[in-house]
Amino acid sequence: MNKNKILVIGSGGREHALAWRLSLSTTVEHVYVAPGNPGTHEELNVSNVNIAADNYQDLIVFCKEKAIDLVVVGPEQPLCDGIVDLMSDAGINCFGPSAAAAQLEGSKTYSKQFLEKYNIPTAEYSSFTQVQPALDYLVKQRYPIVIKADGLAAGKGVVIAENEQQAHSAITDMLKGNAFGEAGHKIIIEEFLQGEEASFIIIADGQDFLAMATSQDHKARDNGDKGPNTGGMGAYSPAPVVSKSVYNKTIETIVKPSIKGMQSEGAPFVGFLYAGLMIDQSGNPKVLEFNVRFGDPETQPIMMRLQSNLDELCLSAINGTINQQKIKWDKKACLGIVLAEKGYPEHYQKGSKIMGLSNIKNDPNTKVFHAGTDIRSGQLITNGGRVLCVCALDNTLENAQIKAYETLKNISWDSLYYRTDIGFKAI
Ligand code: AMP
Ligand code: GLY
Numbered sequence: 000m001n002k003n004k005i006l007v008i009g010s011g012g013r014e015h016a017l018a019w020r021l022s023l024s025t026t027v028e029h030v031y032v033a034p035g036n037p038g039t040h041e042e043l044n045v046s047n048v049n050i051a052a053d054n055y056q057d058l059i060v061f062c063k064e065k066a067i068d069l070v071v072v073g074p075e076q077p078l079c080d081g082i083v084d085l086m087s088d089a090g091i092n093c094f095g096p097s098a099a100a101a102q103l104e105g106s107k108t109y110s111k112q113f114l115e116k117y118n119i120p121t122a123e124y125s126s127f128t129q130v131q132p133a134l135d136y137l138v139k140q141r142y143p144i145v146i147k148a149d150g151l152a153a154g155k156g157v158v159i160a161e162n163e164q165q166a167h168s169a170i171t172d173m174l175k176g177n178a179f180g181e182a183g184h185k186i187i188i189e190e191f192l193q194g195e196e197a198s199f200i201i202i203a204d205g206q207d208f209l210a211m212a213t214s215q216d217h218k219a220r221d222n223g224d225k226g227p228n229t230g231g232m233g234a235y236s237p238a239p240v241v242s243k244s245v246y247n248k249t250i251e252t253i254v255k256p257s258i259k260g261m262q263s264e265g266a267p268f269v270g271f272l273y274a275g276l277m278i279d280q281s282g283n284p285k286v287l288e289f290n291v292r293f294g295d296p297e298t299q300p301i302m303m304r305l306q307s308n309l310d311e312l313c314l315s316a317i318n319g320t321i322n323q324q325k326i327k328w329d330k331k332a333c334l335g336i337v338l339a340e341k342g343y344p345e346h347y348q349k350g351s352k353i354m355g356l357s358n359i360k361n362d363p364n365t366k367v368f369h370a371g372t373d374i375r376s377g378q379l380i381t382n383g384g385r386v387l388c389v390c391a392l393d394n395t396l397e398n399a400q401i402k403a404y405e406t407l408k409n410i411s412w413d414s415l416y417y418r419t420d421i422g423f424k425a426i
């Protein structure tokens with residue numbers, strides 16, 4: 000049997016985890032990552048390719064030259080730009096949603112209208128492009144209230160305003176100022192939902208789907224879910240908050256109608272669909288947001304638990320045969336802690352020397368994924384807000400937490416910052 004040659008697009012922790020898992024697949028010959036990072040560079044059977052994630056023409060040329068069998072796209076930007084459409088037109092198997100389907104993440108207004116149209120549970124909202132009508136709307140609202148930039152803002156375009164004054168400045172910053180650039184020139188104002196969050200990720204072929212293992216992320220920067228929202232400071236899988244009953248409700252009231260709805264819209268959803276859920280006290284899930292790709296850092300613990308061949312799952316989703324597949328998971332729990340630069344997501348330095356990674360012993364149950372790292376004069380340095388993700392698998396979430404925190408003690412740099420309570424809600 001011919002084995003698959005894979006190209007992963009992106010350079011973060013999610014892409015390191017996807018490339019690593021793909022490289023272990025029994026049906027994979029080799030994994031390329033464009034552009035990748037020092038972590039993917041070190042993996043056996045994985046090579047970095049020096050092409051930017053948004054250089055679509057060069058990526059297509061590369062795929063043809065190497066006869067790539069499958070492209071897996073990590074981040075949302077290329078998907079929203081239409082990389083899947085471009086590659087499919089060039090005859091390349093590129094896994095992910097079309098630009099039309101990627102609007103579920105690319106525009107919050109699109110996704111809210113979609114949720115409303117198909118009666119999928121979500122928070123009440125209104126959308127605005129002008130400051131005054133948005134301020135007028137505030138008068139009758141209760142607090143806290145949520146203000147969101149319409150477009151892509153790397154998970155940071157959301158402000159939870161505790162009072163009218165905070166709401167006022169968030170609205171003017173986004174609509175008048177340039178807090179989120181073009182992405183913030185349209186906003187939505189949304190009811191604040193209470194409950195516990197979970198990440199519900201499926202792999203869809205346009206018509207059918209399989210659910211990934213459940214997971215939970217920690218979006219706030221500081222312990223106790225305080226501080227500004229980030230891309231995510233840690234994650235674990237499974238997420239106990241997703242009980243059997245919550246799981247079934249999510250499938251019936253959210254996942255099935257979303258897949259059907261996108262078919263009706265003429266934009267069938269192929270790819271990883273990530274519903275960010277808020278689950279209330281009675282166990283009813285509502286959609287906070289859709290992402291049209293895998294979560295970062297949820298990917299890292301989920302890939303640690305995946306035992307099926309990821310390339311086969313993606314190829315069958317492209318071919319519309321996901322219902323013929325099964326996904327096998329390691330029964331163990333996995334917990335991942337993000338090591339960040341102090342000051343992330345606002346102002347942080349880069350270029351600190353990362354010490355101690357080589358002290359971590361090679362154990363199949365612990366793994367350090369790279370995100371914002373680089374090599375300078377042979378030395379590993381920090382090169383982004385989220386730098387590494389330290390993951391550990393163990394029989395319980397509690398033990399996985401202990402093992403992950405033990406492991407990260409080996410690593411240090413000048414301005415290292417991480418939460419010390421990842422997993423606290425589940426343990
Ligand atoms: P989003 O990017 O839309 O998922 O928002 C980022 C984070 O903001 C979510 O993970 C929640 O923690 C919080 N958030 C967003 N929308 C709401 C809401 N309607 N009610 C409460 N929290 C929210
Ligand atoms: N961890 C949240 C996200 O990937 O958007």
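For the sequence shown, numbering that gives the first Met the number 0 begins at 0 and goes up steadily by one.
Virtual Cβ for every residue (Gly too), placed ideally from N, Cα, C.
These numbers come from a predicted model, not from an experiment.
Please report whether the beta-carbon of residue i lies at a distance below 8 Å from any beta-carbon of chain D.
{"i": "Lys-63", "result": "No chain D is part of this structure, which consists of one protein chain only."}
My understanding is that residue i touches residue j, with C-beta atoms under 8 Å, so please give their C-beta distance in whole angstroms.
{"i": "Thr-436", "j": "Lys-349", "result": "The requested residue 436 does not occur in the structure, where the chain is confined to residues 0 to 426."}
{"i": "Ala-212", "j": "Ser-236", "result": "5 Å"}
{"i": "Gly-38", "j": "Phe-293", "result": "About 16 Å; that fails the 8 Å criterion."}
{"i": "Ser-351", "j": "Trp-412", "result": "4 Å"}
{"i": "Ala-18", "j": "Val-45", "result": "5 Å"}
{"i": "Thr-395", "j": "Thr-365", "result": "Going by Cβ atoms, the distance from Thr-395 to Thr-365 rounds to 15 Å, so no, they are not a contact pair."}
{"i": "Tyr-347", "j": "Gly-384", "result": "6 Å"}
{"i": "Asn-427", "j": "Val-32", "result": "Shown here, the chain extends from 0 to 426; a query on residue 427 therefore has no answer."}
{"i": "Leu-392", "j": "Met-303", "result": "5 Å"}
{"i": "Leu-338", "j": "Val-254", "result": "Their Cβ separation, rounded to whole angstroms, is 33 Å, which puts Leu-338 and Val-254 out of contact at 8 Å."}
{"i": "Asp-279", "j": "Gln-193", "result": "7 Å"}
{"i": "Gln-400", "j": "Ile-359", "result": "The Cβ separation is near 17 Å, so there is no contact."}
For residue i, which of helix, strand or coil comes out of DSSP?
{"i": "Ala-166", "result": "helix"}
{"i": "Trp-328", "result": "strand"}
{"i": "Arg-292", "result": "coil"}
{"i": "Val-386", "result": "strand"}
{"i": "Ser-370", "result": "In the sequence under discussion, the amino acid at residue 370 is Ala, which differs from the Ser named in the question. If DSSP states are grouped into helix, strand and coil, Ala-370 belongs with coil."}
{"i": "Gly-275", "result": "strand"}
{"i": "Ser-315", "result": "helix"}
{"i": "Ile-353", "result": "coil"}
{"i": "Asp-377", "result": "The identity of residue 377 in the sequence shown is Gly, whereas the question assumes Asp. In the structure shown, Gly-377 sits in coil (DSSP, three-state: anything other than H, G, I, E or B)."}
{"i": "Gly-416", "result": "Checking the sequence, you will find Tyr at residue 416 rather than Gly. Of the three classes helix, strand and coil, the one that applies to Tyr-416 here is strand, per DSSP."}
{"i": "Asp-362", "result": "coil"}
{"i": "Ile-480", "result": "Beyond the ends of the chain as shown, which are 0 and 426, falls residue 480; an answer cannot be given."}
{"i": "Phe-479", "result": "A question about residue 479 goes unanswered here, because the residues of the chain that appear run from 0 up to 426."}
{"i": "Phe-191", "result": "coil"}
{"i": "Tyr-31", "result": "strand"}
{"i": "Ala-148", "result": "strand"}
{"i": "Val-70", "result": "strand"}
{"i": "Ser-411", "result": "strand"}
{"i": "Lys-63", "result": "helix"}
{"i": "Gln-348", "result": "coil"}
{"i": "Gly-9", "result": "strand"}
{"i": "Asn-398", "result": "helix"}
Over what stretch of residues does the beta strand (DSSP E) that includes residue i continue unbroken?
{"i": "His-40", "result": "That residue, His-40, is in no beta strand (DSSP E); its alpha helix (DSSP H) goes 37-41."}
{"i": "Val-241", "result": "Counting along the chain, Val-241 falls outside any beta strand (DSSP E), and DSSP gives it neither H nor E."}
{"i": "Pro-120", "result": "That residue, Pro-120, is in no beta strand (DSSP E); it is neither H nor E in DSSP."}
{"i": "Pro-227", "result": "225-228"}
{"i": "Asn-47", "result": "45-47"}
{"i": "Ala-160", "result": "157-160"}
{"i": "Ala-89", "result": "Neither: Ala-89 is in no beta strand (DSSP E) and is coded neither H nor E."}
Does ligand 3 have a heavy atom nearer than 7 Å to the CB of residue i?
{"i": "Asn-290", "result": "This structure lacks ligand 3; its bound ligands are ligand 1 and ligand 2."}
For residue i, count neighbouring Cβ atoms within 10 angstroms of its own Cβ and tell me buried if that reaches 16, exposed if not.
{"i": "Ile-374", "result": "exposed"}
{"i": "Val-427", "result": "Here the chain comprises residues numbered 0 to 426, so residue 427 is not present and cannot be evaluated."}
{"i": "Pro-296", "result": "buried"}
{"i": "Met-0", "result": "exposed"}
{"i": "Tyr-343", "result": "buried"}
{"i": "Gly-35", "result": "buried"}
{"i": "Ala-133", "result": "buried"}
{"i": "Ala-238", "result": "buried"}
{"i": "Asn-92", "result": "buried"}
{"i": "Ala-66", "result": "exposed"}
Grab the span of the alpha helix (DSSP H) containing residue i for me, first residue to last.
{"i": "Ala-18", "result": "12-22"}
{"i": "Arg-304", "result": "298-304"}
{"i": "Asp-221", "result": "Not the alpha helix (DSSP H): Asp-221 falls in the beta strand (DSSP E), residues 219-221."}
{"i": "Ala-98", "result": "98-105"}
| message | Across the stretch 195-203 and the stretch 156-164, are there enough close Cβ pairs to call them in contact, namely three or more that are closer than 8 Å? | response | Contact fails: fewer than three Cβ-Cβ distances are below 8 Å.
| Given 8 Å, three or more beta-carbon pairs between the stretch 40-54 and the stretch 65-79 | With a cut-off of 8 Å on Cβ pairs, the stretch 40-54 is in contact with the stretch 65-79, counting three or more such pairs.
| At least three beta-carbon pairs within less than 8 Å, the stretch 169-177 to the stretch 220-240 | Cβ pair count under 8 Å is below three, so no.
| task | For the stretch 266-284 and the stretch 191-200, state whether three or more C-beta atom pairs, one from each stretch, are separated by less than 8 Å. | result | Verdict: yes, contact present.
| message | For the pair the stretch 118-129 and the stretch 75-91, tell me if three or more CB-CB distances fall below 8 Å. | response | Contact between the stretch 118-129 and the stretch 75-91 is absent, because fewer than three Cβ pairs lie under 8 Å.
| message | Quick check: the stretch 302-318 against the stretch 108-128, are at least 3 beta-carbon pairs closer than 8 Å? | response | Judged by Cβ distances under 8 Å, the stretch 108-128 makes no contact with the stretch 302-318, as fewer than three pairs qualify.
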